[in-house]
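A.B. asks: One structure is given below, represented as structure tokens, and several questions about it will come after.
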Amino acid sequence: MNKEGLRSQGWFGRTGKDGFIYRAWMKNQGIPDEEFRGRPVIGICNTWSEFTPCNAHFRELAESVKKGVIAAGGFPVEFPVMSLGETLIKPTAMLYRNLASMDVEESIRANPMDGVVLLCGCDKTTPSLVMGACSVNLPTIVVSGGAMLTGRFRGKTIGTSDVWRFNDAVRSGEMTEAELRMAEASMCRSRGHCAVMGTASTMACMVESLGLTLPDNAAIPAADSRRKVLAQYSGQRIVDMVKENLRLSDILTREAFENAIMVNAAIGGSTNFVLHLLAIAGRIGVELNLEDFDRFSQGIPLLANLQPSGEYFMEDFYYAGGLPAVMRQLHEKLHHGTIAVSGKPIAENYAEAVTYDEKVIGTMDKPFKEMSGIAVVKGNLCSEGAVLKPSAASPHLMKHKGQAVVFDNIEDYHARIDDPDLPVTRDSVLVLKNVGPVGYPGMPEVGNMALPKKLLEEGVEDIVRISDGRMSGTGFGTVVLHVSPESATGGTLALVRDGDWIELDVEARSLQLLVDDDELATRHAAWRASHTVQQRGYVGLYQQHVQQSHLGADMDFLRGASGSKVTRDSH
Ligand code: FES
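Under the working numbering, the residue at position 244 of the sequence shown is numbered 568, and the numbers go up by one with no gaps.
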């Protein structure tokens, strides 16, 4: 335990008027007096919301956590924070990730808790909670909500990645709107988050590989009763973590981040992983840069045969052995000694793991694909870097030279993409500007632009696409994302014109706009930003302080931590 004793006793252990006030109002919830006498207070940080369907079962999950906390002698107190539902929030949930993290940070610090359980599921709810908790650095454990059961439609398995395929099928006339409507209910047929290795599943794997969860957190389906058992054990464990004073900074070492990058490569995790891990590292004070993602992915094959890079779903992943089975395969590569929430080396989390189905989880000798991870490309088009997911790209486009077809913003793209006169061929490079952190604002998931109808009708399935935006973790294609610096801040992307030649060479990690420097300087001198900067509210604050994507798109003033101490006390 913290040598100064339980933090919560700074509230509940007081005598006189202050102690009376701190305890009396809590007692209106029917809490007996002994709860306040030195029991570790465990905050259960809940992102439950019916507007976040992926997390809509979290009140039930919180009850399981509470049972564990009580069994271990703790005092559980559940509290809500801003919840970000990927599918409904406009203009994009990413705009609010940093805001939610501020809510989490301040809620934890301001309240009488000794340890925290983070309940997260849908994409942004995991990084925002971990980022906020890192800036306070109390003992913390994560419980993910689990993925949905695999969708089934007309005898076939379906998942979120099929949304893009269905959309293309409707546009090319292979599927009717009525059939599309029928597919909706077939896809989301149980509680939980997206059932593929999209961003939510990637985040669940990220926290498990970092050591922030009990084993199997990433893959137990939301509807499986063992998810509740995991939640209960996590509630039990956090009480001991408080007694051991095991904090986030003890777990989140540089080696833990390197482990997470290697595991992400092996599972074919989302490109959004890059942004979120960089932001988390910035909060806990670990040096991490974009090149680290490429460097630590080297030599790691793709082991998980999961959509969108492969064939199977998160449910299959669990039955095949889940993340511990993947980590056991990676044992020779991983840092074994990093400490997990168990208080023991992370290697103990997977030492006994078994792979039950090698079609779903390959071995190092017989991986699903040799190529994995995140490729970081650099060049005059992205001097600070850009990312591409090789396992979701087309091998024949990994080295490609083509002429740009430029869209100034996402509205321009929607207005013209299906214009029969658009000068686009299968060799073109689609370029989308003004979808970066500042320009959109909030960096929406539009980077995997749907292909022009006329190319779809020709049977073209992929062309090179480049933007300063993001891609859904369920998306795929030869898509260069997170171009930094973004176009709205005057990066070279802003200067690209229709017909310019662009050369992508993934093996050489290069992305070049083949326009000479003098011409680029002339264009830059004439360039004027076209986006609007808000002057009020959170969006104004965000646009003025968000950092570029190669730094994780966190706010400049949120990097680092303020700790858990409350410096003023008005009572
Ligand atoms: Fe919530 Fe995909 S929409 S995880």
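Glycine included, each C-beta is placed from N, C-alpha and C at the ideal position.
Can residue 446 be considered in contact with ligand 1, in the sense that its beta carbon sits closer than 6 Å to one or more heavy atoms?
C.D. replies: Along the sequence shown, one-based indexing puts residue 446 at 122. Yes, the Cβ of residue 446 comes within 6 Å of a heavy atom of ligand 1.
A.B. asks: Using DSSP with H/G/I as helix, E/B as strand and the rest coil, what is residue 662?
C.D. replies: Translated into positions along the sequence shown, residue 662 becomes position 338. Coil, per DSSP.
A.B. asks: Excluding the 5 residues flanking residue 492 on each side, which residues of the same chain have their C-beta closer than 6 Å to its C-beta?
C.D. replies: Stepping through the sequence shown from its first residue, residue 492 is reached at position 168. Here the set comprises 780.
A.B. asks: Is it the case that the CB of residue 411 approaches a heavy atom of ligand 1 more closely than 6 Å?
C.D. replies: By one-based count along the sequence shown, residue 411 stands at place 87. The answer is yes for residue 411.
A.B. asks: For ligand 1, is there any heavy atom lying closer than 6 Å to the beta carbon of residue 524?
C.D. replies: The sequence position of residue 524 within the sequence shown is 200, counting from 1. Placement of the Cβ of residue 524 at a distance of less than 6 Å from at least one heavy atom of ligand 1 is found.
A.B. asks: Can you determine whether any heavy atom of ligand 1 sits closer than 6 Å to the C-beta of residue 381, and answer yes or no?
C.D. replies: Position 57 of the sequence shown, counted from the first residue, corresponds to residue 381. Every heavy atom of ligand 1 is 6 Å or more from the Cβ of residue 381, so no.
A.B. asks: Using 6 Å as the cut-off, classify the Cβ of residue 512 as near or not near the heavy atoms of ligand 1, replying yes or no.
C.D. replies: On the sequence shown, position 188 is the one that residue 512 refers to. No - ligand 1 has no heavy atom lying nearer than 6 Å to the Cβ of residue 512.
A.B. asks: Between the alpha carbons of residue 624 and residue 424, how many angstroms are there, rounded?
C.D. replies: Counted from its first residue, the sequence shown places residue 624 at position 300. Counted from its first residue, the sequence shown places residue 424 at position 100. In a straight line, the C-alpha of residue 624 is about 33 Å away from that of residue 424.
A.B. asks: For ligand 1, I want to know if residue 874 counts as a neighbour, meaning its beta carbon is within less than 6 Å of at least one of the ligand's heavy atoms.
C.D. replies: Sequence index remark: in the sequence shown, residue 874 carries index 550 (1-based). It does not: the Cβ of residue 874 is nowhere closer than 6 Å to a heavy atom of ligand 1.
A.B. asks: Look up residue 488 in the DSSP assignment and say whether it is helix, strand or coil.
C.D. replies: The residue given as residue 488 occupies position 164 in the sequence shown. In the structure shown, residue 488 sits in a helix (DSSP, three-state: H, G or I).
A.B. asks: Quick check: the Cα distance between residue 402 and residue 390, rounded to an integer number of angstroms?
C.D. replies: Mapped onto the sequence shown, residue 402 falls at position 78. Mapped onto the sequence shown, residue 390 falls at position 66. Residue 402 and residue 390: Cα-Cα distance of roughly 9 Å.
A.B. asks: Quick test of your reading: residue 648 and residue 540, contact by CB under 8 Å. State the CB separation rounded to the nearest angstrom.
C.D. replies: On the sequence shown, residue 648 is found 324 positions in, with the first residue counted as 1. On the sequence shown, residue 540 is found 216 positions in, with the first residue counted as 1. About 7 Å separates the two Cβ atoms, so the contact holds.
A.B. asks: Count the other CB atoms, across all protein chains shown, that sit within 10 Å of the CB of residue 911; report buried if there are 16 or more and exposed otherwise.
C.D. replies: Shown here, the chain extends from 325 to 895; a query on residue 911 therefore has no answer.
A.B. asks: In whole angstroms, what separates the C-alpha of residue 687 from that of residue 392?
C.D. replies: Stepping through the sequence shown from its first residue, residue 687 is reached at position 363. Stepping through the sequence shown from its first residue, residue 392 is reached at position 68. When only Cα atoms are considered, residue 687 and residue 392 end up about 36 Å apart.
A.B. asks: Taking DSSP as the reference, what is the three-state secondary structure of residue 636?
C.D. replies: Residue numbering aside, residue 636 sits at position 312 when the sequence shown is read from its first letter. Reduced to three states, the DSSP call for residue 636 is strand.
A.B. asks: So residue 730 and residue 665 are in contact, right, with Cβ under 8 Å, and what is the actual spacing, rounded?
C.D. replies: Against the sequence shown, residue 730 aligns to sequence position 406. Against the sequence shown, residue 665 aligns to sequence position 341. The Cβ separation is near 48 Å, so there is no contact.
A.B. asks: Taking Cβ to Cβ, would you say residue 369 is nearer than 7 Å to residue 442?
C.D. replies: On the sequence shown, position 45 is the one that residue 369 refers to. On the sequence shown, position 118 is the one that residue 442 refers to. In contact: residue 369 and residue 442 (Cβ atoms closer than 7 Å).
A.B. asks: The beta strand (DSSP E) that contains residue 647, what's its start and end?
C.D. replies: Here residue 647 corresponds to residue number 323 of the sequence shown, with the count starting at 1. That residue, residue 647, is in no beta strand (DSSP E); its alpha helix (DSSP H) goes 646-653.
A.B. asks: So who's on the other strand from residue 464, going by DSSP bridges?
C.D. replies: Looking up residue 464 in the sequence shown gives position 140. In the DSSP output, where bridge partners are listed per residue, residue 464 has 440.
A.B. asks: May I ask which residues mark the beginning and end of the alpha helix (DSSP H) holding residue 331?
C.D. replies: For the purposes of this step, residue 331 is identified with residue 7 of the sequence shown, where counting begins at 1. Going by DSSP, residue 331 is part of no alpha helix (DSSP H) at all; its letter is neither H nor E.
A.B. asks: Report the partner residues of residue 628 according to the DSSP bridge assignment.
C.D. replies: Numbered from 1 along the sequence shown, position 304 holds the residue referred to as residue 628. The partner list for residue 628 (beta bridge, DSSP) reads 685.
A.B. asks: Give the range of the beta strand (DSSP E) segment to which residue 359 is assigned.
C.D. replies: For the purposes of this step, residue 359 is identified with residue 35 of the sequence shown, where counting begins at 1. In the DSSP assignment, residue 359 falls outside any beta strand (DSSP E) and carries neither an H nor an E.
A.B. asks: Does DSSP put residue 335 in a helix, in a strand, or in coil?
C.D. replies: Within the sequence shown, the letter at position 11 stands for residue 335. In this structure, residue 335 counts as helix in the three-state DSSP scheme.
A.B. asks: In angstroms, rounded to a whole number, what distance separates the CA positions of residue 457 and residue 530?
C.D. replies: Stepping through the sequence shown from its first residue, residue 457 is reached at position 133. Stepping through the sequence shown from its first residue, residue 530 is reached at position 206. For residue 457 and residue 530, the distance between alpha carbons rounds to 16 Å.
A.B. asks: From which residue to which residue does the alpha helix (DSSP H) around residue 616 run?
C.D. replies: The residue given as residue 616 occupies position 292 in the sequence shown. Counted as a single uninterrupted DSSP element, the alpha helix (DSSP H) harbouring residue 616 occupies residues 614-621.
A.B. asks: Is it right to say residue 448 is buried, meaning 16 or more other beta carbons lie within 10 angstroms of its own, or is it exposed?
C.D. replies: Taking the sequence shown and counting its residues from 1, the one referred to as residue 448 is at position 124. Under this definition residue 448 is a buried residue.
A.B. asks: Are there any heavy atoms of ligand 1 lying less than 6 Å away from the beta-carbon of residue 517, as far as the coordinates show?
C.D. replies: Mapped onto the sequence shown, residue 517 falls at position 193. Flag set: Cβ of residue 517 near ligand 1.
A.B. asks: Using 7 Å as the threshold, is the C-beta distance between residue 797 and residue 526 below it?
C.D. replies: Within the sequence shown, numbered from 1, the residue matching residue 797 stands at position 473. Within the sequence shown, numbered from 1, the residue matching residue 526 stands at position 202. Cβ distance < 7 Å, so residue 797 and residue 526 count as in contact.
A.B. asks: Locate the alpha helix (DSSP H) running through residue 851, then write down its first and last residues.
C.D. replies: Within the sequence shown, the letter at position 527 stands for residue 851. Where residue 851 is concerned, there is no enclosing alpha helix (DSSP H), given that its DSSP letter is neither H nor E.
A.B. asks: Thinking C-beta only, is residue 452 closer than 7 Å to residue 556?
C.D. replies: Along the sequence shown, one-based indexing puts residue 556 at 232. Along the sequence shown, one-based indexing puts residue 452 at 128. No. Outside cutoff.
A.B. asks: Where in the region 802-853 do unbroken runs of the alpha helix (DSSP H), each at least 4 residues long, occur, reported from the N-terminal end onward?
C.D. replies: 841-850
A.B. asks: Beta carbon of residue 535, beta carbon of residue 580: below 7 Å?
C.D. replies: Position 211 of the sequence shown, counted from the start, is the residue given in the question as residue 535. Position 256 of the sequence shown, counted from the start, is the residue given in the question as residue 580. Between residue 535 and residue 580, the CB-CB gap stays under 7 Å.
A.B. asks: If you drop the 5 nearest sequence neighbours on each side, which residues of the same chain put their C-beta closer than 6 Å to that of residue 696?
C.D. replies: Residue 696 sits at position 372 when you count from the first residue of the sequence shown. Counting only Cβ-Cβ distances below 6 Å, and skipping sequence neighbours, we find 589, 624, 625, 626, 715.
A.B. asks: Where does residue 731 fall in DSSP's three states?
C.D. replies: Mapped onto the sequence shown, residue 731 falls at position 407. Strand at residue 731.
A.B. asks: Consult DSSP for residue 387 and reduce its assignment to one of helix, strand or coil.
C.D. replies: Along the sequence shown, one-based indexing puts residue 387 at 63. Here residue 387 sits in helix by DSSP.
A.B. asks: Report the rounded CA-to-CA distance for residue 544 versus residue 786, giving the unit in angstroms.
C.D. replies: One-based indexing of the sequence shown puts residue 544 at position 220. One-based indexing of the sequence shown puts residue 786 at position 462. Their Cα atoms are separated by approximately 33 Å.
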